[in-house]
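For reference, the structure discussed in these notes is given below.
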Amino acid sequence: MEHIDVVIVGAGLSGIGAACQLSMACPRKSFAIFEGREAMGGTWDLFRYPGVRSDSDMYTLGYRFRPWRNAKAIADGPAILSYIRDTASEFQVDKNIRYGHRVTEASWSSDDSLWTVLTQTKDGPMRLTCSFLFLCTGYYDYENGYTPDWSGVEKFGGQIVHPQKWPQGLDYSDKRVVVIGSGATAVTLVPAMAAKAGHVTMLQRSPTYVMTLPSEDKIANFFRLLFPDRAAYVLTRWKNVMLQMFFYVLSRKRPQTMKRLLDKGVKRELGDSYDPKHFAPSYNPWDQRLCLVPDSDLFNVIREGSASIVTDEIETFTESGLQLKSGVMLDADIIVTATGLNLKLMAGLRLIVDDKPVDMSQTIAYKGMMYSDVPNLASAFGYTNASWTLKCDLTSEYVCRLLNYMDEHGFSQCTARLKDPSVEREPVLDFSSGYVQRALHTLPSQGSKTPWRLHQNYIKDLSMLRYGRVDDGTMEFK
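Residue numbers (the working numbering): 749 to 1226.
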């Protein structure tokens, strides 16, 4: 049976980053990236809907070790995909990717200090062993997005599309389009489709906080004129990290102040077109993720009249569109269900430790990346309040430190053990977003104290993961 030192699951943004860091920091380790699909890129290869783009700036969504050189800080999907592919090629980790290998099960043996990994391929099942398993599978179900159960869907005579499965060549020219949703996907789709559609209506059950930013970061571009690429990138990255943290802390400590700032921004954009019922959520900022509007594109199409927002609930689908609970009829040729994702931890992988199936909901997350009583396994899970890659980069660094520490001291096993009885279990995420609430009962918990506490704070994680002790009294080595 084939043996690999480290198996990385997933060839998306975090998986490619993990492979690059592993190749630099642990050059003697053999590794392979197992990707269930036939292409690298993860989210940025899967999503093909109009206008698909990042909802974070690329100076923090990009890798710490490879500068983002594009002038646009808020980048479109194809540009991000090219960045991932170019990084994989530059660090020569693309040759380690095994496409069409979907990992379905991993079984740990403490006697052998090995994971036995089962993958499904076009040639049938395949087994191999590895010493460490690094899961970079993202956080949602790649097969199916979330769609609520609406009444009368079968009656609709037009086309219904979910952004996660966007049909190639969909013609929406001069069509009446209704986009159901109010999150990042919806606010991206509306201005992108409004350029060709007859009219686009964003139908939201409840509002979301939105804020506009320029797609180009003028300060970042100024730094690039003054300094070498890497120095300019580091400066911009830290500038943006600190800004993100400032606005998050402000939202938590003074939510009314943040509400006023966001509301003032929308009023300034829309002027007489402003209606508070479309932009005044019932929750506080950062109880759910803020939506980014680059270059005011959403506000521009609303002012021009090529798009509009309706805040209401669906009573039923009809042959020609939607009947709303207020009695209003919305006619549509195409309905886009930008209604969210299905959160799916570790891509549904089944874990077994010493012949006992692991129930992830009974585990507690250690440093936001490993799990109590699960040996030699880490997962890359980014921030909910900042760029995904910031945390994933730190996680990859820590895994490399951990592997090198084990080699230096002759250890073959590492397991996070909860030994402090005063640590209390808490929900691992405190977001009120629907995709989180629907899946919270399936997720690990976090603890009330470090290192079981999930900080959602880059500075604290930097101290703990990059500079903190590996042998911290909680991690058990054998």
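The beta-carbon is built from N, C-alpha and C at its ideal position, and this holds for glycine as well.
Small disclaimer: the values here were computed from a predicted structure and weren't measured.
Distance from the CA of N969 to the CA of K820, rounded to the nearest whole angstrom, comes to 9 Å.
The C-alpha of I1082 lies about 51 Å from the C-alpha of L862. Note on geometry: alpha-carbon atoms of L937 and I781 lie some 32 Å from one another. Within the DSSP bridge table, the entry for P1105 names I1100 as partners.
Checking the DSSP bridge columns, you'll see E1224 partnered with T1163. When C-alpha distances from L961 are compared across A942, D1045 and M950, the shortest belongs to D1045. Of all alpha-carbon atoms in P1029, L1142 and M1212, the one lying nearest the alpha-carbon of W1200 is that of M1212. The criterion of a C-beta distance shorter than 8 Å is not satisfied by M959 and S930.
Rounded to whole angstroms, the gap between the alpha carbons of Q916 and P798 is 11 Å. According to the DSSP assignment, M941 belongs to the alpha helix (DSSP H) that extends over A932 to A942. Measuring C-alpha to C-alpha distances from W816 to each of R978, D1020, M788 and K903 identifies R978 as the nearest. Non-local beta-carbon contacts of D842 in its own chain, meaning distances under 6 Å to residues more than five positions away in sequence, involve A836 in chain order. Between Y957 and N1090, the CB-CB gap reaches or exceeds 8 Å. CA-CA distance, M1118 to T864, rounds to 18 Å. A contact between stretches requires three or more CB pairs, one per stretch, nearer than 8 Å, and the segment 882-891 meets this requirement with the segment 1124-1143. One Cα belongs to I832, the other to D805, and the distance between them is close to 15 Å. Residues of the same chain with a CB within less than 6 Å of the CB of F975, apart from the 5 flanking positions on each side, do not exist. Per DSSP, P1175 lies in no alpha helix (DSSP H) segment; the continuous beta strand (DSSP E) that holds it begins and ends at R1173 to P1175. E964 and Q868 have their C-alpha atoms some 43 Å from each other. Around the C-beta of W856, 16 or more other C-beta atoms lie within 10 Å, and the residue is accordingly described as buried.
Residue environment: I764 is assigned as buried (16 or more neighbouring CB atoms within 10 Å of its CB, all protein chains considered). In this structure, DSSP gives Q1110 a helical state, which the three-state scheme calls helix. Nearest Cα to S1193 within the set Q1110, I828, R1186 and H1026: Q1110. Only residues of its own chain outside the window of five on either side were considered, and among them W856, L1099, V1101, V1106, T1111, T1163 and A1164 have a CB closer than 8 Å to the CB of V1122, listed in chain order.
Per the coordinates, the alpha-carbon of R1149 lies some 8 Å from the alpha-carbon of V1218.
Q1004: not part of any beta strand (DSSP E); member of the alpha helix (DSSP H) spanning P1003 to L1018, first to last residue. Looking from the CA of E750, the closest CA among R875, T852, G825 and G905 belongs to R875. When DSSP assignments are scanned along the segment 1030-1073, the uninterrupted stretches of alpha helix (DSSP H) that are 4 or more residues long and fall wholly within it turn out to be 1045-1052. 8 Å or more divides the Cβ of V1049 from the Cβ of P955. Taking 8 Å as the cut-off, the beta carbon of F1027 is found closer than this to the beta carbon of D1011. About 4 Å separates the Cβ atoms of S999 and M1006, confirming a contact at the 8 Å cut-off. The residue from R846, I845 and T808 with its alpha-carbon nearest to that of I828 is T808. G1088 and G1221 do not touch by the CB rule: their CB atoms are close to 40 Å apart, not below 8 Å.
Under the DSSP definition of a beta bridge, M1118 partners with Y1114. In this structure F795 does not touch D753 by the C-beta definition: roughly 32 Å separates them, more than the 8 Å allowed. Comparing alpha carbon positions, the residue from S762, L1188 and P873 closest to L1093 is L1188.
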